[in-house]
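Notes follow once the structure below has been shown.
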Amino acid sequence: MPRPIQATIHTEALRHNLARMRASAPDAKVWGVVKANAYGHGVERVFDGLRGADGFALLDLQEAERVRALGWRGPILLLEGVFEARDLELCSRLNLWHTVHCDEQIDMLAMHKTHAPQRVFLKMNSGMNRLGFSPQRFRAAWTRLDALPQVDEISLMTHFSDADGPRGIARQIAVFDEITRDLPGERTLANSAASLRFGQDAVVRADWIRPGIAVYGSAPDYPEHDIAHWDLQPTMTLATRVIGVQQLAPGDTVGYGSSFSADAPLRIGVVACGYADGYPRHCTTGTPVLVEGVRTRIVGRVSMDMITVDLTPVPEAGFGAQVTMWGRAGNGAILSIDEVARAAGTVSYELMCALAQRVPVVVD
Ligand SMILES: Cc1ncc(COP(=O)(O)O)c(C=O)c1O
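When we follow the working numbering, the leftmost residue of the sequence shown carries the number 1, and every step to the right adds one.
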């Protein structure tokens, strides 16, 4: 009998969230962002739920090969473009579109021998200061690409640093728009937060949106808004069971470092999940958890393989009781991964990506 922990990927929820993102940006085409192994969900596991996307955006050539191996013939975009010259051969062979964000990538293209010109997405650094040509150098890069026989269509791209927060996107939009206004080609600007918050604006939604985290059932601007507000559904449930019960007397402590001390009699469930499963060790007493679909809290420190939870709201729960660390419980109750991430001082992206290898995953 394996440990009772299991992650479930919800295909219907992926479909729902993709449709929700489509609705947020009418007329735009949608990249399903499946980088980082589909945000920890597994490229193969999400494929069925996301096959309604217009294309898949990712980083890794191996991930692109996996998407093609699933039978996908539509667009695939490499969000960071190629890392070395020979990657361009694979782009030709797999028909991949790729981002061009620096001169070195244009140099590689210029040297590339190909019969089939490639489609590229020229990326502007409009303020994020990660990848991309500065606004001052963007048009020179476009002119250089346009002159290359290796290049077919040139699309235009940028990425927002603050679509989820008070700084917003207006400054970056203004920079991008000013430099690109009279250039031909499709445009892609918006991630999840920009699509949900500003997708009604035709300039923001442009020709393609690139939602990642919202498709995976997390609110990109949590805690300002939650998944109920955005009508998103959890796509990953991390579920386990109670494997032991302790009765604490007042003054008894729980776990390493005795960080929690009971001030009244307390029933504690010991749960088969720990940081070695990807549950964040930074979660402290009070982090929400569902037992038999009823909301309660973890108490004491998260250890490698176990977590202790307060059973007060579920007196009938004992050995074998169902525990939902995040996602959807058997009774339909939902604990958003955003809440757990916040309790750990991080974001849902990190928790999804950190799901440990040892956790068995099923798809429903
Ligand atoms: C270039 C690019 N586009 C789109 C996305 C998707 O962003 P999100 O998951 O916030 O929707 C990312 C993710 O970081 C990205 O790097």
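The C-beta atom is built at its ideal place from N, Cα and C for all residues, glycine as well.
List the endpoints of the continuous beta strand (DSSP E) containing residue i.
| i | result |
| --- | --- |
| Gly71 | Segment: none, Gly71 is in no beta strand (DSSP E) and carries neither H nor E. |
| Gly327 | Gln322 to Arg328 |
| Phe83 | Per DSSP, Phe83 belongs to no beta strand (DSSP E) and is neither H nor E. |
| Gln247 | Met236 to Leu248 |
| Arg295 | Val294 to Val299 |
| Ile76 | Ile76 to Leu78 |
| Phe319 | Note, Phe319: premise wrong, no beta strand (DSSP E); not H, not E. |
Just to check my reading of the structure: residue i and residue j have Cβ atoms closer than 8 Å, yes? What is that Cβ distance to the nearest angstrom?
| i | j | result |
| --- | --- | --- |
| Leu156 | Leu109 | Their Cβ separation, rounded to whole angstroms, is 17 Å, which puts Leu156 and Leu109 out of contact at 8 Å. |
| Leu232 | Met325 | At roughly 19 Å, the Cβ-Cβ gap does not stay under 8 Å, so Leu232 and Met325 are not in contact. |
| Val323 | Val309 | 7 Å |
| Gly199 | Ala25 | 4 Å |
| Glu63 | Val34 | 7 Å |
| Val67 | Ser126 | In fact, because the Cβ distance is near 28 Å, the residues do not count as touching under 8 Å. |
| Arg342 | Pro223 | 6 Å |
| Ser259 | Arg205 | That pair is no contact at about 47 Å. |
| Val242 | Val203 | Wrong, their Cβ atoms sit about 52 Å apart, outside the cutoff. |
Taking 7 Å as the cut-off, is the beta-carbon of residue i closer than that to any non-hydrogen atom of ligand 1?
| i | result |
| --- | --- |
| Arg210 | yes |
| Ile76 | no |
| His41 | no |
| Ile227 | no |
| Ile213 | yes |
| Ser126 | no |
| Asn191 | yes |
| His101 | no |
| Pro220 | yes |
| Val30 | no |
| His159 | yes |
| Val33 | yes |
| Leu156 | no |
| Leu14 | no |
| Leu79 | yes |
Which stretch, first to last residue, makes up the alpha helix (DSSP H) that contains residue i?
| i | result |
| --- | --- |
| Pro135 | Pro135 to Asp146 |
| His229 | Ile227 to Trp230 |
| Gly49 | Val43 to Leu50 |
| Ala193 | Ser192 to Phe198 |
| Leu59 | Premise fails: Leu59 is in no alpha helix (DSSP H) and is neither H nor E. |
| Asp177 | Ala170 to Thr180 |
| Ser348 | Ser348 to Cys353 |
| Asn37 | Lys35 to Tyr39 |
So, for residue i: in the same chain, excluding its five sequence neighbours on each side, which residues have a beta-carbon less than 7 Å away from its beta-carbon?
| i | result |
| --- | --- |
| Asp277 | Ile5, Ala356, Arg358 and Val359 |
| Phe334 | Per the sequence presented here, residue 334 reads as Ile, with Phe not at that position. Cβ neighbours of Ile334 beyond the five flanking positions: Pro234 and Arg328. |
| Leu145 | Val100, Ile106, Val120, Leu122, Val151 and Ile154 |
| Leu365 | No statement about residue 365 is possible, as the shown extent of the chain runs from 1 to 364 and does not include it. |
| Leu61 | Asp87 and Leu90 |
Leaving out five residues on either side along the sequence, give the residues of the same chain with a beta carbon under 8 Å from the beta carbon of residue i.
| i | result |
| --- | --- |
| Gly165 | Asp221 |
| Pro265 | Gln247, Leu248, Ala249 and Pro250 |
| Met111 | Ala85 |
| Val362 | Gln6, Ala7, Thr8 and Ile9 |
| Glu178 | Pro135 |
| Met21 | Val30, Ser192, Ser195, Leu196, Ile209, Pro211, Ala214 and Val215 |
| Ala354 | Gly40, Gly278 and Pro280 |
| Leu59 | Lys35, Ala36, Leu78, Leu79 and Glu80 |
Quick one: what's residue i bridged to in DSSP?
| i | result |
| --- | --- |
| Pro117 | DSSP lists no partner for Pro117. |
| Lys29 | Trp208 |
| Asp310 | Ile268 |
| Phe160 | Answer is none; Phe160 lacks a bridge partner. |
| Ser24 | Looking at the DSSP assignment, Ser24 forms no beta bridge with any residue, so it has no partner. |
| Val363 | Ile9 |
| Leu122 | Val100 and Leu156 |
| Pro288 | Arg297 |
| Val340 | Beta-bridge pairing links Val340 to no other residue. |
| Asn334 | Reading the sequence as shown, one finds Ile at residue 334 and not Asn. DSSP lists Arg328 as partners of Ile334. |
| Arg187 | Leu156 |
| Val302 | Partner(s): none; Val302 has no beta bridge. |
| Ser92 | According to DSSP, which records beta bridges pairwise, Ser92 is partnered with nothing at all. |
| Val254 | Phe260 |
| Val151 | Gln118 |
Beta-carbon within less than 6 Å of residue i's beta-carbon, same chain only, minus the 5 sequence neighbours each way: which residues are those?
| i | result |
| --- | --- |
| Gly286 | Arg297 |
| Gln246 | Ile268 |
| Glu292 | Val314, Ala317, Ala321 and Gln322 |
| Leu290 | Thr324, Ala329, Ala333 and Leu335 |
| Pro280 | Ala344 |
| His225 | Ala219 |
| Ser261 | Thr253 |
| Cys273 | Ile5, Thr240, Tyr279, Ile307 and Met325 |
Taking 8 Å as the threshold (beta carbon to beta carbon), is residue i in contact with chain B?
| i | result |
| --- | --- |
| Gly55 | The displayed structure is made up of one protein chain only, and chain B is not part of it. |
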